[in-house]
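Right, one structure below, let's go through it.
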Amino acid sequence: MEFKNPQEELERFRSRLAVAGGFVLLCFTLLFIRFVWLQIVQHDYYQTRAEDNRISLVPIVPNRGLILDRNGAVLARNYSAYTLEITPSKTRDLEQLIDGLAGVIDIQPKDRKRFRKLLEESRNFESLPIRTRLTDEEVAKFIAHRYRFPGVEIKARLFRQYPGGAFASHMLGYIGRVNDRDLEKIEEKEADANYRGTDHFGKTGLEQRYEFDLHGETGFEKVEVDAGGRAVRTLARTAPVAGNNLTLTVDAELQRIAEQAFGDRKGAMVAIEPATGGILALVAVPNYDPNLFVDGIDTQNWRELNESPDKPMVNRALNGAYPPGSTFKPFMALGALTLGKRRPEQLISDPGFFNFGGHHFRDDKKGGHGMVDMYKSIVHSCDTYYYMLANDMGIDNISSFMGSLGLGSRTGIDIDGESEGVLPSQEWKRKRFKKPEQQKWYAGETISIGIGQGYNAYTPIQLAQATAIVANKGVVFRPHLVKFITDTRTGKQTLIEPQPIRDLGFKPEHIEVIRNAMVGVNKEGTGARAFAGAEYISAGKTGTAQVYSLKGAEYKAGSVKKELRDHALFIAFAPADNPKIALAVLVENGGFGAQAAAPIARQVLDYYLLGKRPKAPALPDEAAIEEDDEE
Amino acid sequence: MNRGIGLTTIRDLLLRLVAPIDPPLMLIAGLLLLLAIGMMGSASPERINAQLMNVAAALVVMRIVAQVPPQRLMHLAVPVYVLGILLLIAVALFGDVSKGARRWLNLGFMRAQPSELMKIAMPLLLAWFFQKREAMPRFRDYGIAAVLLLLPVGLIARQPDLGTAILVLAAGFYVIFFAGLSWKVMIGMVVAGIAAAPLAWNLLHDYQRNRIITLFDPEKDPLGKGFHIIQSTIAIGSGGIFGKGWRAGTQAQLEFIPERHTDFIFAVFSEEFGLFGNLLLLVLYALLIGRGLMIAANAATLFSRLLAGAVTMIFFTYAFVNMGMVSGILPVVGVPLPLISYGGTALVTLFIGIGILMSIHGNRMLVQK
């Protein structure tokens, strides 16, 4: 056993205490150095981070620009409404939550379906509407129960509204919630910052094409937030700038009259101001209600629109390609004059058919029209004249002339997704078909091209544009819908200058021949009945296009007949000596152009030139088409 | 005369009431308590009254303990330790689980956290143990002491409660250190400890490992595990030299600092009072520890010395670990800032410690009499 010395023991203990004390001082010094590092050396960095923490920039979405017609009538506007929104990332059991909400606020199965669809398309952290357009009573009811629903909130939002409903929908288009494709476009434009907080984007029509004009500049609110992201107070605010307003060349009243003129028929009509290319009306029927798309369309409506045999989602004016039928003839005649293939007074003999390689191409009129000059060939729509002419001109001449009128290529209208149609040529056939024997152009195929049949297929806007070019004596303007864009902040109006693209250099006397013949159509020819008693001189041409390819027609016995009916067409411009309007009308399965399409043109011209409103639609509903050999 | 007698009686009573209280220790603790109430007014004003109640209860406990002579305390050492061990075993078997850890024992009328008891019971027992071995402790005695220490530490670490385990381990270690454990052994233990670190790593719970990983790189997981540390260092750093002012700390007031009235109250303090505030706090703790070490140096018996030294160093451990973790140089282990964090349990434990120091100080002359 060691000897125990209390004094020595105490000394040793005290030395240990001193060590402990020294250790304490060392550790505290370390801490102090750490504080100096954080609070002096790194102070600025942490100061910034603390500021970043507490200050949040909250975007304020600007009002979307309005769309107005040429007279200022509102076609698309915004209204404020309350929505009930769920942030899925903040909720645990979504279904249970919605069930709970349904106990407080009316939630229909279609609301749930639409919400599920939005959920599939959504970016993760955003809030999605389960109900829109809440009444004040519903808002109050929810607020009383809100504690039960974390992750659910009421938001005041601006909604796009198309006051005319389905009116002009193919032209206006619609907006819908931003999706991945839209995000790409936003990134391409480097507009990411400006689209913070925006959840709608133009999807079709003018809404799509002019998205970046209509959107406006997003404002920002500098808000102090707590750790939970709740705003505590506002520090600064940059007001948003509302989007630019679009004023169209379109006359809404004319558009309405044209739409109503179609009754329950399918078809399209495009009316253009020849001197500017400004579109006065762009009808495609049936149409659809774009309001359905704004909050995200529900599945039932979506299915109805997409599965309807009438295809209301197709913009027939820009995307329907139809053989032009006899409306092709004035253009053929102008081509013949320009290329020197015919003189106006040159007569041909029409025995009722044209023989080519042993095949009889029959004229509509049995026994033929007898001796026919250019005037008569248009006024009475003589097929034989054009069979021969086509044969004389050859496919490549026809093709290049029609191409110069814009047929078979996009007109450049300010709506995306326009179709090209088909301008047949040897080259086109080579590209279109794969097998060598199909790639060859047969001279016989040229014959029916002359009367607007065969491979010919053009969109109604192309026909309207070609008509406008003729009316404007060969000077081509780009068709456009927007007349000017108004900056809502400065009130400055940016005019979309009508720029003549090119002058085709037609000889005035050639234009004169065609115009006279087309005036003759409405005075004494196939359009005479429709234009009887008109107080202005108009130029027109009827057309009937055969519907030759129909798939599945045999299963639907009831509708076969209707679907096999020919398409009715009519082109016109008026007044003939100083055209203010040029148009093309197409009625799908309408039968003869003279009966189905010309009356629509008559109503449109009557209103536009005289302000006369029709008493009834131009066409009787679903009326059986009287057999008539007039064309 | 009646009145005079009355006055003298009251004066006597007051004198007797304050007699066991050591004025310097009380002054320093009092200043820290004032800071605590002030900070509560910023971090969590609605808790001021509750904390005042806790302070009152803790002071009463301190006054009672201060009156108990060290010899009586020595008699309590073994029963309290045995009780503590039994309760820890009971927790392991029947304890309530809260936040993934089994720490609480439901006694029917109240919930108790027996690990807290061990913070005092541990140094008490070891001081008693070394007092019993009055001869120069041999190596074997250190071995026994180590076993007595590691038993409760193991039980607490298993709960798991890393913070308390570290505090209990430290408290016990200080006794052994002051008892004179040779430097060679300690250095050997440190070397062995480093060698065994990979083994210990395997024994840790995932969340404990994560805390350690996050310590070294909190930015790796800014919204998850690293959030506490990132936000508290931002608070401290943005406080600067003079601080943002009382109740003007954006990190604190906008609730970016987690647990800002308990373990992270130092971040609030530091943000609002800056480097100067931190210096004041360090000085107050240093004074408190200095006074405690001085009491230990002058204590009458080996038991008192060891106990006073260890209790004092517990204060240091609390303060250092807490400020270290909040400022991002130590892992987050759930240790409150002594005398300042909200909560009654830790406060009572700490004031029992102060009471013990006062008792030892009051009885420093006993042997010589």
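Chains as they are written, first to last, in the working numbering: chain A, -16 to 614; chain B, 4 to 372.
No residue lacks a Cβ here, since even glycine has one placed at the ideal position from N, Cα and C.
Within 10 angstroms of the beta-carbon of A:Gly5 lie fewer than 16 other beta-carbons, which makes it exposed. Listed by position along chain A, the residues whose Cβ is nearer than 9 Å to that of B:Leu282 are Phe15 and Phe18. For the pair A:Lys205 and A:Leu51, the CB atoms are not nearer than the 8 Å cut-off. Counting along the chain, the unbroken alpha helix (DSSP H) around A:Glu190 starts and ends at Gly188 to Arg192. Take the alpha-carbon of A:Glu420 and the one of A:Gly341: they are about 21 Å apart. Secondary structure remark: continuous beta strand (DSSP E) runs of at least 3 residues inside the region 242 to 285 of chain A, in chain order: 250 to 255 and 262 to 268. It is roughly 26 Å from the alpha-carbon of B:Leu282 to the alpha-carbon of B:Asn57. Residue-level contact by beta carbon fails for B:Leu151 and chain A, as no gap is shorter than 8 Å.
In the structure shown, A:Tyr370 adopts helical secondary structure according to DSSP, grouped into three states. For B:Ala160, the closest Cβ of chain A is not nearer than 8 Å.
Within the region 109 to 188 of chain A, the runs of beta strand (DSSP E) at least 3 residues long that lie entirely inside it are, in chain order, 111 to 114, 135 to 144, 158 to 160 and 183 to 185.
For chain A, the residues of the region 259 to 278 of chain B that bring a beta carbon within less than 9 Å of one of its beta carbons are Phe259, Ile260, Pro261, Ser273, Glu274, Gly277 and Leu278, in chain order. Separation of A:Ile90 and A:Phe18 (C-alpha to C-alpha, rounded to the nearest whole angstrom) is 57 Å.
About 6 Å separates the beta carbons of A:Ile38 and A:Glu207, which is inside the 8 Å limit, making them a contact pair.
A residue is called buried once 16 or more other Cβ atoms fall within 10 Å of its Cβ, and B:Met361 is buried on that count. DSSP lists B:Ala104 as the beta-bridge partner residues of B:Ser101. By the CB criterion at 8 Å, A:Leu406 and A:Thr310 fall outside the cutoff.
Look at A:Leu602 here: in three-state DSSP terms it is coil, with no helix or strand label.
Residue pairing from DSSP places A:Gly202 in a beta bridge opposite A:Ile43.
Residues of chain B with a Cβ closer than 9 Å to the Cβ of A:Arg116 do not exist, since the nearest Cβ in that chain sits about 35 Å away.
Where A:Thr469 is concerned, the enclosing beta strand (DSSP E) starts and stops at Val465 to Thr469.
Under the 8 Å criterion on CB atoms, B:Thr12 is classed as non-interfacial with respect to chain A.
With a beta-carbon spacing of about 11 Å, A:Gly523 and A:Leu552 fall beyond the 8 Å limit used to define contacts. Residues of chain B whose Cβ lies closer than 8 Å to the Cβ of A:Tyr28 are, in chain order, Gly240. If you compare the alpha carbons of A:Lys475, A:Ile88 and A:Phe(-4) with that of B:Ala300, the shortest gap goes to A:Phe(-4). Listed in chain order, the beta strand (DSSP E) elements of length 3 or more contained wholly in the region 474 to 505 of chain A are 476 to 478 and 483 to 486. The alpha-carbon of A:Ala241 is positioned some 12 Å away from that of A:Leu569. Those residues of the region -9 to 10 of chain A placed with their C-beta closer than 9 Å to a C-beta in chain B are Glu(-8), Leu(-7), Arg(-5), Phe(-4), Arg(-3), Arg(-1), Leu0, Ala1, Val2, Ala3, Gly4, Phe6, Val7, Leu8 and Cys10, ordered along the chain. For A:Glu403, no beta strand (DSSP E) segment is defined, and its DSSP state is neither H nor E. Put simply, the region 232 to 244 of chain B does not touch the region 200 to 208 of chain B. Fewer than three CB pairs are less than 8 Å apart. For A:Arg485, the CB contacts under 7 Å within the same chain, skipping 5 residues up- and downstream, are Val459 in chain order. Restricting attention to A:Glu328, A:Lys349 and A:Gln329, the CA atom closest to the CA of A:Phe336 is found in A:Lys349. The beta-bridge partner set that DSSP reports for B:Tyr145 is empty.
Distance from the Cα of B:Val63 is smallest, within the candidate group B:Ile24, B:Ile40, B:Asp99 and B:Ser101, for B:Ile24. A:Val215 has a beta carbon lying within less than 8 Å of a beta carbon in chain B. The beta carbons of A:Val253 and A:Leu588 sit no closer together than 8 Å.
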